[in-house]
Amino acid sequence: QQQVKQSPQSLIVQKGGISIINCAYENTAFDYFPWYQQFPGKGPALLIAIRPDVSEKKEGRFTISFNKSAKQFSLHIMDSQPGDSATYFCAASPDKAAGNKLTFGGGTRVLVKP
Amino acid sequence: GAVVSQHPSWVICKSGTSVKIECRSLDFQATTMFWYRQFPKQSLMLMATSNEGSKATYEQGVEKDKFLINHASLTLSTLTVTSAHPEDSSFYICSAFPTNPRDEQYFGPGTRLTVT
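Structure representation (structure tokens):
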């Protein structure tokens, strides 16, 4: 019940296009959903996060959509740039204060072609 | 702000030896730090939760006698891989959770361990 399933495993998008990554969870106790970006050989960096009291959150070119009833959330990267080429991880935590353990999705490798 | 460092960034050691990895929160205090392990092209796997002044809590399947964790201060946690073997070669990442104000946890840059 702690699992977070992420898809697709990889995607290729043209510069300027939209990258969409989906995640689904089972544990209804999860109430904090962050997305991380990781470049090769580096630690993950927080991109954007959402809590279940809102259905959408936007920060610059990154948008999270959240569907509580379906237990799904997604990341949209608008106007994708070559510099966005990285691995993206969704995660979930049962603690609103984000102090509890994160459960990570399997990751999505995004390649943005110029 | 909210910078987490790890030292060393990479290390090569011989099989049977021990290696210590440090995780420091540079500009905030962290009561809780987490240690993750990541194999190539895979996700992060939580190994243990480190709380300042108390024993670490290990995830199921993680050998606590092999992966020794010490969180002696509010800015430093260490992971010691004892009697390392080639299968311990991996990317080890720590994260720190600020004590005050409560906020997202911040990740270190990772340590690449290669055991020969």
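Which chain is which? The protein sequence lines are G and P, in order.
Residue 20 in the numbering used here is what sits at position 20 of the first sequence, and the numbering runs on without skipping anything.
Residue 1016 in the numbering used here is what sits at position 16 of the second sequence, and the numbering runs on without skipping anything.
For every residue, glycine included, the Cβ atom is placed at its ideal position computed from N, Cα and C.
Source: prediction; values computed, not measured.
Taking beta-carbon pairs under 7 angstroms, can you tell me which members of the region 17-31 of chain G lie near chain P?
The region 17-31 of chain G vs chain P, Cβ under 7 angstroms: nothing.
Which first and last residues belong to the beta strand (DSSP E) in which leucine 11 (chain G) is found?
Taken as a continuous stretch (DSSP letters only), the beta strand (DSSP E) holding leucine 11 (chain G) covers 10-14.
What's the C-alpha gap between glutamine 38 (chain G) and glycine 1053 (chain P)?
Each residue's Cα considered, the two are about 31 angstroms apart.
Determine the closest residue to proline 1109 (chain P) out of P:Gly1016, P:Phe1067 and P:Arg1037, with distance taken between C-alpha atoms.
The shortest C-alpha separation from proline 1109 (chain P) is found at P:Arg1037.
Measure the alpha-carbon distance for isoleucine 1093 (chain P) versus glycine 43 (chain G) and round it to whole angstroms.
Answer to the nearest angstrom: the Cα atoms are 7 angstroms apart.
If you reduce the DSSP assignment to three classes, tell me which class glutamate 1052 (chain P) lands in.
Three-state result, glutamate 1052 (chain P): coil.
If you drop the 5 nearest sequence neighbours on each side, which residues of the same chain put their C-beta closer than 8 angstroms to that of proline 114 (chain G)?
Hits under 8 angstroms: Lys15 and Pro82.
Starting from the beta carbon of threonine 1049 (chain P), find every residue of chain G whose beta carbon is closer than 8 angstroms, and list them in chain order.
What threonine 1049 (chain P) touches in chain G: Lys101.
So, for glycine 107 (chain G): in the same chain, excluding its five sequence neighbours on each side, which residues have a beta-carbon less than 6 angstroms away from its beta-carbon?
So the qualifying residues of the chain are Thr87 and Phe89.
Helix or strand or just coil, what does DSSP make of proline 1098 (chain P)?
Residue state, collapsed to three classes: strand.
Could you tell me which residues DSSP puts in a beta bridge with leucine 75 (chain G)?
BP columns for leucine 75 (chain G) point to G:Ile21 and G:Ile64.
Exposed or buried, what is histidine 1085 (chain P) when buried is set at 16 or more other beta-carbons lying within 10 Å of its beta-carbon?
Histidine 1085 (chain P) is exposed by the Cβ-count criterion.
Within 8 angstroms of any Cβ in chain P, is that where the Cβ of glycine 60 (chain G) sits?
No - not a single Cβ of chain P is within 8 angstroms of the one on glycine 60 (chain G).
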